[in-house]
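What follows is one structure encoded as structure tokens, with my remarks underneath.
Protein chains: 2
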Amino acid sequence: MPRPFDLTLYLVTDPLQTAARGLLRTVEEAVAGGVTLVQLRDPHAKGRDLAEQARGLVALLRPRGIPLIVNDRIDVALAADADGVHLGQDDLAPADARAMLGPERIVGLSVGTLDELAASDLAAVDYVGTGPVRATGTKTDAGAAIGVAGFAALRPHLPVPVVGIGGIDLSLAAAVIRSGADGIAVVSAICAAPDARTAARRLREEIAAARI
Amino acid sequence: MPRPFDLTLYLVTDPLQTAARGLLRTVEEAVAGGVTLVQLRDPHAKGRDLAEQARGLVALLRPRGIPLIVNDRIDVALAADADGVHLGQDDLAPADARAMLGPERIVGLSVGTLDELAASDLAAVDYVGTGPVRATGTKTDAGAAIGVAGFAALRPHLPVPVVGIGGIDLSLAAAVIRSGADGIAVVSAICAAPDARTAARRLREEIAAARI
Chain A
1 MPRPFDLTLY LVTDPLQTAA RGLLRTVEEA VAGGVTLVQL RDPHAKGRDL AEQARGLVAL
61 LRPRGIPLIV NDRIDVALAA DADGVHLGQD DLAPADARAM LGPERIVGLS VGTLDELAAS
121 DLAAVDYVGT GPVRATGTKT DAGAAIGVAG FAALRPHLPV PVVGIGGIDL SLAAAVIRSG
181 ADGIAVVSAI CAAPDARTAA RRLREEIAAA RI
Chain B
1 MPRPFDLTLY LVTDPLQTAA RGLLRTVEEA VAGGVTLVQL RDPHAKGRDL AEQARGLVAL
61 LRPRGIPLIV NDRIDVALAA DADGVHLGQD DLAPADARAM LGPERIVGLS VGTLDELAAS
121 DLAAVDYVGT GPVRATGTKT DAGAAIGVAG FAALRPHLPV PVVGIGGIDL SLAAAVIRSG
181 ADGIAVVSAI CAAPDARTAA RRLREEIAAA RI
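Note that the protein sequences, when read in sequence, are chains A and B. UniProt numbering puts the first residue of the first sequence at 1, with every later residue one more than the last. UniProt numbering puts the first residue of the second sequence at 1, with every later residue one more than the last.
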């Protein structure tokens, strides 16, 4: 059984968008505003730098009860004692991650299409990230946007908790939740907001209203 | 204690230089010619592709008694059951690698200057790669060339086996060995050679002659 985690408002960090305010300060404000899970994503960072960032985030987040997920690098997650990893379809397979991370750490997987679902072994997966709901400039290697309708169509096929991702902002959050998402993942909607705390708080309110 | 390994002729693979002949065929020929250790290096490959390459190499090399080292990615090395990792100064720290890999797998570290040596914890390191002996186009993020003289000056400060690396070809191999190297690491001298097996055999002969 993995450690408890809450997909409600899942922050994925971006090195450029957090550069001005600083990674730790951005995440601290976002968590104060209601972020429930944090993924460190910095695909061009070298291992030592990424591990240092992850250690800083673990020190910030663990006392607040917020898990830290590391994108792609299982070794960095282990070195920094993070709570799990998020894997794309081109990253190491979930079963490999599970073998290294043990039963308690969290393994997430990106699944954007039925073909990707058919190619995925979900036995080792604790949650799925599905999208991109809307086209986004943050993750240039993401597939074509599937839209809220595409998300809603894929959701029933996924037997695990699912977070919607990709271009989700305040205007889309409620629709994604009503389409069966257990939460929404955002990058720009928080990292690029002038006030990360307020941005997170408004997203939480929007999600809460959509769940009623 | 790490698994036994022999630094005499250490092949570092390059995805472009092995593309025409194929990675496995290049390595197979190189080992037939006398390569004693192989490092899989493909810094732009994603994890799943890199693990697949590593699994193919392990299947080829283990029956031949040749260890496979994976560059940078400790998680890929574990997933593919490779024999160890080679770390740069910007990769995860050797102690982190050792904690994940256990006492038997091989941990190598790049050390090119006295400053890098001072910043390195060699307690977890089984061998060091020192260079670049000569400027090379293969690894664009390597430091300035230190020359054979620079290698010879650094070697006595390194309390572990050392392999010279960076632009070493048949014309330089003997000088590097006579400067105290336990072996030489090559990329282009084998991967870009028209006949990888003959290239490896000639390098072995040159090394053997220099050791007399």
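For each residue, glycine too, the CB sits at the ideal point set by N, CA and C.
Whole-Å CB distance - residue i paired with residue j, under 8 Å assumed
i, j, result
"residue 88 of chain B", "residue 113 of chain B", "Their Cβ separation, rounded to whole angstroms, is 13 Å, which puts residue 88 of chain B and residue 113 of chain B out of contact at 8 Å."
"residue 215 of chain B", "residue 73 of chain B", "Given a span of 1 to 212 for chain B in the structure shown, any question on residue 215 of chain B remains unanswerable."
"residue 151 of chain A", "residue 130 of chain A", "6 Å"
"residue 185 of chain A", "residue 165 of chain A", "4 Å"
"residue 95 of chain A", "residue 121 of chain A", "6 Å"
"residue 32 of chain B", "residue 11 of chain B", "12 Å between Cβ atoms; not a contact."
"residue 145 of chain A", "residue 132 of chain A", "5 Å"
"residue 181 of chain B", "residue 162 of chain B", "6 Å"
"residue 75 of chain A", "residue 75 of chain B", "4 Å"
"residue 105 of chain A", "residue 83 of chain A", "6 Å"
"residue 177 of chain B", "residue 211 of chain B", "6 Å"
"residue 101 of chain A", "residue 77 of chain A", "7 Å"
"residue 51 of chain B", "residue 79 of chain B", "5 Å"
"residue 148 of chain B", "residue 175 of chain B", "5 Å"
"residue 26 of chain A", "residue 196 of chain A", "5 Å"
"residue 159 of chain A", "residue 1 of chain A", "Not confirmed; about 16 Å, so no contact."
"residue 90 of chain A", "residue 90 of chain B", "Incorrect: roughly 22 Å between the Cβ atoms, too far for contact."
"residue 179 of chain A", "residue 17 of chain A", "The pair is not a contact, with the Cβ atoms about 26 Å apart (cut-off 8 Å)."
"residue 34 of chain A", "residue 60 of chain A", "Not really, about 16 Å apart at Cβ, beyond 8 Å."
Start-to-end residues for the beta strand (DSSP E) that takes in residue i
i, result
"residue 163 of chain A", "162-165"
"residue 110 of chain B", "106-110"
"residue 185 of chain A", "183-186"
"residue 158 of chain B", "Careful: residue 158 of chain B lies outside any beta strand (DSSP E) and carries neither H nor E."
"residue 9 of chain B", "9-12"
Residue i - DSSP class collapsed to helix/strand/coil
i, result
"residue 53 of chain B", "helix"
"residue 66 of chain A", "coil"
"residue 40 of chain A", "strand"
"residue 85 of chain B", "strand"
"residue 138 of chain A", "coil"
"residue 129 of chain B", "strand"
The alpha helix (DSSP H) enclosing residue i, as first and last residue numbers
i, result
"residue 76 of chain A", "74-79"
"residue 33 of chain A", "23-33"
"residue 204 of chain B", "196-211"
"residue 94 of chain B", "94-101"
"residue 177 of chain A", "170-178"
"residue 118 of chain B", "114-118"
Chain D residues whose Cβ lies nearer than 8 Å to that of residue i
i, result
"residue 92 of chain A", "Considering every chain present, this structure includes no chain D. Its protein chains are A and B."
| request: Count the CB pairs spanning the stretch 102-117 of chain B and the stretch 109-129 of chain A that are closer than 8 Å, and state whether there are at least three. | output: no
| said: Count Cβ pairs between the stretch 3-21 of chain B and the stretch 65-85 of chain A that sit closer than 8 Å; are there 3 or more? | reply: no
| task | Answer yes if the stretch 155-173 of chain B comes into contact with the stretch 195-206 of chain B, meaning at least three C-beta pairs across the two stretches below 8 Å, and no otherwise. | result | yes
| query | Do the stretch 67-84 of chain A and the stretch 32-51 of chain A meet, that is, are 3 or more Cβ pairs less than 8 Å apart? | reply | yes
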